[in-house]
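Peer 1: This structure is in structure tokens; I'll ask about it shortly.
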Amino acid sequence: MTEANAVSSEAGGVTEACRVKLARVRALLVDLEGTVRFGGTPIPGAAEALNRLRAAGYSLCFTTNIDSMTAKDICRGLTDIGVQADPAEIFTPVAALRHFMARNPERSWLFLLSKDVQSGFAALQGAAQAADFVVVGDFRDEFSYERINSAYRQLMNGARLVALQPQPFFMGPDGYYLDTGAIVHMLEWASGKTAIVLGKPSPDYYLTALEGLGLRPGEALAIGDDVGTDIKGAAAAGCPSVLVRTGKFDAGKVAASAAQPDVIVNSLAEVPEVLAACRM
């Protein structure tokens, strides 16, 4: 399926097969950057759409690859643009890391994380010389050659590499910024190892979020702007998806992608009408 023949909100609704699929949806897995806001600026109509979706009875889970902030800080940022959210509704790669660590008890960890995020793992930072896992997130506020090289040495001594998320860049208000994935790829290349990815597009990221909601994949709809992370990850997890033409949306990448959304809309503002039509 390409954008030209994908179901679009401009094409007069959705197909019957798509309507049946979306009628089962009970919760929405909503991306933040590029979907709700972009470069710190709210996407027009997004806050109102989220309020309408809540009023319609949908549970919301904000599934974001932000890995430098706590859930409380993310909520404060959303409040600033008129979006109400509870920290329990925020699912980040940091939350996925906690689940990953619970599945790997009695291990030693080396963290390359932001100061705020790393404070939540201070008691778990391995004191031993040999770490079992090196965890890399957005640590631009704590960045140094010494920290990167220490992590590299652990990898060369047998540690496994864990990436909170693989995105090479993100868009700020004034342009491009290197993201976690750029550092991860450097360590992969230098060490010859492949990172375990915890954030999008990992299907486990979505499945862990669904576990917290007590739902099956077909009962949650993923909404995002990036076909390579939001849509690819949702498809791998078995979730239906909606792609918005805001943020990182790129028609060429959509056409070339093996993973395709069920619906393409101009923005999050159109999602309430699409879902309302599926309930009729």
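Using my numbering, the letters of the sequence shown map in sequence onto residues 214 to 493. Glycine included, C-beta positions come from ideal geometry on N, C-alpha and C. Note that the coordinates shown come from a computational prediction; the quantities given were computed from them, not determined experimentally.
Please name the residue or residues paired with Ile409 in a DSSP beta bridge.
Peer 2: Partner(s): Val375.
Peer 1: Which ranges does the beta strand (DSSP E) cover as unbroken runs of at least 3 residues, wholly within the segment 332-369, from first to last along the chain?
Peer 2: DSSP runs (the beta strand (DSSP E)) wholly in the segment 332-369: 346-349.
Peer 1: Between the alpha carbons of Asn479 and Leu368, how many angstroms are there, rounded?
Peer 2: Straight-line Cα distance between these residues: approximately 44 Å.
Peer 1: Excluding five sequence neighbours on each side, which residues of the same chain lie with their C-beta closer than 8 Å to the C-beta of Arg267?
Peer 2: Excluding residues within five positions, the ones whose Cβ falls inside 8 Å are Leu273.
Peer 1: Assuming contact is defined by CB atoms lying nearer than 8 Å, are Ala262 and Leu481 in contact in what I supplied?
Peer 2: Against a cut-off of 8 Å, the Cβ pair of Leu481 and Ala262 comes out as a contact.
Peer 1: In terms of residue numbering, what span does the beta strand (DSSP E) encompassing Ser404 cover?
Peer 2: No beta strand (DSSP E) holds Ser404; the alpha helix (DSSP H) holding it covers Thr393 to Ser404.
Peer 1: Between the segment 416-427 and the segment 305-316, can you find at least three pairs of beta-carbon atoms closer than 8 Å?
Peer 2: Yes, the segment 305-316 is in contact with the segment 416-427.
Peer 1: Would you be able to state if there are at least three C-beta pairs under 8 Å between the segment 455-466 and the segment 248-259?
Peer 2: With the cut-off at 8 Å, the segment 248-259 and the segment 455-466 touch.
Peer 1: For Gly385, which of helix, strand or coil comes out of DSSP?
Peer 2: Strand, per DSSP.
Peer 1: Assuming Gly465 is part of the alpha helix (DSSP H), what are its boundary residues?
Peer 2: First-last of the alpha helix (DSSP H) with Gly465: Ala464 to Ala469.
Peer 1: For Tyr389, which residues of its own chain have a beta-carbon under 7 Å away from its beta-carbon, when the five flanking residues on both sides are left out?
Peer 2: These residues qualify, in order along the chain: Phe382.
Peer 1: Here's the rule: buried if 16 or more other CB atoms are within 10 angstroms of the residue's CB, otherwise exposed. What is Lys445?
Peer 2: Buried, by the Cβ-count rule.
Peer 1: Just to confirm my understanding: we take Pro252, look at its own chain, exclude 5 residues before and 5 after, and list those with CB closer than 7 Å. What are they?
Peer 2: Before going further, note that residue 252 is Gly rather than Pro in the sequence given. Within the same chain, Gly252 has close Cβ partners Met384, Gly385 and Pro386.
Peer 1: Could you tell me the alpha carbon to alpha carbon distance between Val487 and Gln297, rounded to whole angstroms?
Peer 2: Near 22 Å, if we compare the C-alpha coordinates of Gln297 and Val487.
Peer 1: Kindly indicate which three-state DSSP category Ala482 falls into: helix, strand or coil?
Peer 2: Looking at Ala482 - three-state DSSP - the assignment turns out to be helix.
Peer 1: Buried or exposed for Trp402, please, with buried defined as at least 16 other CB atoms from any protein chain shown within 10 angstroms of its CB.
Peer 2: So Trp402 ends up on the exposed side.
Peer 1: Apart from the five residues just before and just after Ser281, which ones in its own chain have a Cβ nearer than 6 Å to its Cβ?
Peer 2: Excluding sequence neighbours, Ser281 sits near Ser327 and Asp351.
Peer 1: May I have a chain-ordered list of the alpha helix (DSSP H) segments no shorter than 4 residues that lie completely inside the segment 293-331?
Peer 2: Fully enclosed alpha helix (DSSP H) runs of 4 or longer: 306-315 and 328-331.
Peer 1: Would you tell me roughly how many angstroms separate the C-alpha atoms of Gly431 and Gly425, rounded to the nearest one?
Peer 2: Going by the C-alpha atoms only, they are around 15 Å apart.
Peer 1: What residues in its chain sit with their C-beta under 7 Å from that of Phe324, if we drop five residues either side in the sequence?
Peer 2: The residues are Gln331, Phe334, Gln338 and Val348.
Peer 1: Once the 5 residues before and after Tyr237 are set aside, which same chain residues still bring their CB inside 8 Å of it?
Peer 2: For the sequence presented, residue 237 should be read as Arg rather than Tyr. So the list reads Gly431 and Glu432, once near-sequence residues are dropped.
Peer 1: Val243 and Thr276: beta carbons closer than 8 Å?
Peer 2: Cβ atoms of Val243 and Thr276: closer than 8 Å.
Peer 1: Opposite Ala433 in the DSSP bridges: which residues?
Peer 2: DSSP, once it has assigned bridges, lists Ala240 as partnering Ala433.
Peer 1: My output table needs one value for Pro255: the three-state DSSP class, helix, strand or coil.
Peer 2: Residue state, collapsed to three classes: strand.
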